[in-house]
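The structure appears below as structure tokens.
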Amino acid sequence: MIAIIDYGAGNLQSVKNALDNLKAESRITDNPYEILSADKIIFPGVGNFGDMVKSLEKKNLIDVIRGVINDGKLFLGICLGLQVLFEESAESPDAKGIGIFKGKVKRFNTNLKVPQIGWNQIKVCRENKIINGLDGNFFYFVHSYYVDPEDDAIVLARTNYGGEFVSGVCKDNIYAFQFHPEKSGEDGLKILKNFAGL
Amino acid sequence: MLAKRIIPCLDVDAGRVVKGVNFVNIKDAGDPVELAEEYNKQGADELVFLDITASHDKRETMKDIVKAVAKKVFIPFTVGGGIRTIEDMREILKAGADKVSVNTAAVNNPKLISGGAKRFGSQCIVLAIDAKKKDQSWEVYINGGRTPAKRDAVKWAIEGQKLGAGEILLTSMNTDGTKGGFDIELTRTISSKVGIPVIASGGAGKLEHFSEVFKNGKADAALAASIFHYNEYKVDDIKKFLKKEEICVRI
């Protein structure tokens, strides 16, 4: 069973719909026990960095997330669910991220329109089952901020928007993407299917 | 590179897609879910459903459609028409839509934009503007294009962004329905004055119209209805053409 973490906002149903379509069993939940006992975890997020951290704190989910990650459970962060894994964000300078990864979340500094909304290509930086065969393909992005990891070794994919930014990371059991696989058509479903099958 | 988006629009009346539809492989040409799947297969980047249901009590059906579409189609979609309150927004988003578009209600109550953006995020809020040329500028029209709103379209677009709209869906009433091409001047003017994406709408009739609106109109996305409904072109015909014209599209 895949637990989809419900922190109180965001379009979680679309992640669940995609998993249902792939016949992967999942449940939307904010129950720490259910999350801790799931086989795999998906952590989606939209909106504001600080608000998300606050909601997670209120629901006592920060330690739960650290716990499942430390247990080695397969973990997939999406959009803000990627950003919150880092230490801090320019969006909410006073909020502290979960800090699984070292680095900051920065705002796009470009002449292009912000937020970036639409389909953009990913450049796969290293071999990984979750993303094999998807180099150069398009995925759906909606964001004004991007992650800047200290450790280059965790970078799985990059995307160009007025300059290159990190659109995917992976370390051990943790995967996280800036784009929305649940809204990226067949290629997005492929990533979720690969994750469910890992 | 970020791709230019092609967005088919479906007008829904009491749960059925209206305007003639004649796809070959569709069993029920008026079923919004089947049509959404067909457009998805053709390579649509997003979909827009416009609820034109006149009677209020039949509006519930739109939510059921949204739920059904969200289970079958895994690309973003927007729902517009008849969204007047934050609660209307919440219900449509909760049913599975990714974005809501507001038009008349936002003109009458601009706080709807800021309230929606604060509650659900700017990425959910699309400001739809119907504009008509008046002397050297463009005037906003509301109530399905029937009533002049005594507002300047360019200023309204800028204000919409400030209020928190994440995108502008811009329909030219001068070109809409003409099949003579998008309103390049209007689209370029607004797109260069706002920092959020502009979806151009109204006037698509030929492949060249799409390349024009991206190259000269500076549009981020192009929306069309009848060109797809009457099966004159499929979404992938347009994208193949655009690719040849060296415009970045998702194929």
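Those sequence lines, one after another, are chains A and B.
Counted from 1, the first sequence has number 125 at position 125 by this note's numbering; the numbering is strictly sequential.
Counted from 1, the second sequence has number 124 at position 124 by this note's numbering; the numbering is strictly sequential.
For glycine and all other residues, C-beta sits at the position ideal for the given N, C-alpha and C.
If you draw a straight line from the C-alpha of residue i to the C-alpha of residue j, how long is it?
i                : j                : result
Tyr33 (chain A)  : Trp119 (chain A) : 36 Å
Leu93 (chain B)  : Val12 (chain B)  : 17 Å
Lys190 (chain A) : Ile125 (chain B) : 28 Å
Val102 (chain B) : Pro8 (chain B)   : 18 Å
Gly45 (chain A)  : Gly144 (chain B) : 35 Å
Gly217 (chain B) : Ser191 (chain B) : 8 Å
Ile168 (chain B) : Lys96 (chain A)  : 33 Å
Cys125 (chain A) : Leu56 (chain A)  : 31 Å
Gly99 (chain A)  : Pro149 (chain A) : 11 Å
Lys118 (chain B) : Ala106 (chain B) : 15 Å
Asp237 (chain B) : Arg250 (chain B) : 12 Å
Ile62 (chain A)  : Asp88 (chain B)  : 32 Å
Tyr230 (chain B) : Met1 (chain A)   : 44 Å
Thr110 (chain A) : His180 (chain A) : 22 Å
Thr53 (chain B)  : Lys129 (chain A) : 47 Å
Lys113 (chain A) : Phe182 (chain B) : 21 Å
Met52 (chain A)  : Asp20 (chain A)  : 26 Å
Ile26 (chain B)  : Val17 (chain B)  : 13 Å
Val109 (chain B) : Val100 (chain B) : Residue identity differs from the one stated: residue 109 (chain B) is Asn in this sequence, not Val. Cα to Cα, Asn109 (chain B) sits roughly 16 Å from Val100 (chain B).
Arg84 (chain B)  : Leu112 (chain B) : 8 Å
Thr61 (chain B)  : Ala221 (chain B) : 28 Å
Glu46 (chain B)  : Leu35 (chain B)  : 13 Å
Asp97 (chain B)  : Phe77 (chain B)  : The question names Asp, yet the displayed sequence has Ala at residue 97 (chain B). The straight-line gap from Cα to Cα measures roughly 6 Å.
Val198 (chain B) : Pro93 (chain A)  : 30 Å
Asp151 (chain A) : Gly168 (chain A) : 13 Å
Arg27 (chain A)  : Ile142 (chain B) : 42 Å
Glu185 (chain B) : Asp152 (chain B) : 15 Å
Arg253 (chain B) : Tyr146 (chain A) : Past the boundaries of the shown model lies residue 253 (chain B); chain B is included only from 1 to 251, so the question cannot be answered.
Ile65 (chain B)  : Ala153 (chain A) : 44 Å
Gly115 (chain B) : Gly47 (chain A)  : 14 Å
Phe228 (chain B) : Gly163 (chain A) : 35 Å
Glu208 (chain B) : Ala95 (chain B)  : 37 Å
Lys104 (chain A) : Phe165 (chain A) : 12 Å
Gly188 (chain A) : Pro32 (chain B)  : 23 Å
Gly50 (chain A)  : Glu88 (chain A)  : 9 Å
Lys133 (chain B) : Asp172 (chain A) : 58 Å
Would you list the residues sitting across from residue i in a DSSP beta bridge?
i                : result
Gln116 (chain A) : A:His143
Glu139 (chain B) : B:Lys132, B:Asp152
Asp11 (chain B)  : B:Leu50
Cys79 (chain A)  : A:Gly45
Gly43 (chain B)  : Paired residues: none, contrary to the question.
Gln121 (chain A) : A:Phe138
Leu2 (chain B)   : None, per the DSSP bridge assignment.
Phe77 (chain B)  : B:Leu47
Glu182 (chain A) : Its beta-bridge partners do not exist; DSSP assigns none.
Phe177 (chain A) : A:Ile78, A:Gly168
Ile2 (chain A)   : A:Ser26, A:Lys40
Thr159 (chain A) : A:Phe165
Leu127 (chain B) : B:Val102, B:Ile168
Asp210 (chain A) : Lying before the first or after the last residue shown, residue 210 (chain A) is absent from chain A, which here runs from 1 to 198.
Thr147 (chain B) : B:Ile142
Please look up how many angstroms separate the CB atoms of residue i and residue j, rounded, as I've assumed it's under 8 Å.
i                : j                : result
Leu242 (chain B) : Val48 (chain B)  : With 8 Å as the limit, Leu242 (chain B) and Val48 (chain B) do not qualify as a contact, their Cβ atoms being about 19 Å apart.
Lys16 (chain A)  : Ile4 (chain A)   : 6 Å
Val142 (chain A) : Ile122 (chain A) : Not a contact, Cβ separation roughly 15 Å.
Ser122 (chain B) : Gly166 (chain B) : 4 Å
Leu213 (chain A) : Val64 (chain A)  : The question about residue 213 (chain A) has no answer, for chain A in this structure spans 1 to 198.
Lys106 (chain A) : Ala90 (chain A)  : 5 Å
Lys4 (chain B)   : Cys248 (chain B) : 6 Å
Asp30 (chain A)  : Lys59 (chain A)  : 5 Å
Ser201 (chain B) : Thr178 (chain B) : Incorrect: roughly 12 Å between the Cβ atoms, too far for contact.
Leu198 (chain A) : Glu182 (chain A) : Their Cβ separation, rounded to whole angstroms, is 17 Å, which puts Leu198 (chain A) and Glu182 (chain A) out of contact at 8 Å.
Gly80 (chain B)  : Leu50 (chain B)  : 5 Å
Phe195 (chain A) : Ser144 (chain A) : Not confirmed; about 26 Å, so no contact.
Met173 (chain B) : Asn160 (chain A) : So it is not a contact: roughly 37 Å between Cβ atoms.
Asp203 (chain B) : Asp176 (chain B) : First, the residue type needs correcting, since residue 203 (chain B) is Gly and not Asp in the sequence shown. With 8 Å as the limit, Gly203 (chain B) and Asp176 (chain B) qualify as a contact, their Cβ atoms being about 6 Å apart.
### Query
Do the segment 118-138 of chain B and the segment 160-172 of chain B touch if we need at least three Cβ pairs shorter than 8 Å?
yes
### Query
In the segment 4-64 of chain A, which residue ranges form an unbroken beta strand (DSSP E) of at least 3 residues, counting only runs that do not cross its ends?
26-29, 40-45
### Those runs of the beta strand (DSSP E) which lie wholly inside the segment 85-125 of chain B and span at least 3 residues
99-102
### Contact the segment 60-75 of chain A vs the segment 35-42 of chain A: 3+ CB pairs below 8 Å
yes
### Query
With a cut-off of 8 Å, do at least 3 Cβ pairs link the segment 39-54 of chain B to the segment 66-75 of chain B?
yes
### Message
Taking contact to mean 3 or more Cβ pairs, one atom from each stretch, closer than 8 Å, check whether the segment 205-217 of chain B and the segment 130-143 of chain A are in contact.
### Response
no
#### Entry: In chain order, each beta strand (DSSP E) run of at least 3 residues that lies wholly inside the segment 157-237 of chain B
167-172, 198-201, 221-224
### Query
Looking at C-beta atoms only, is the number of pairs between the segment 170-181 of chain A and the segment 79-89 of chain A that lie closer than 8 Å three or more?
yes
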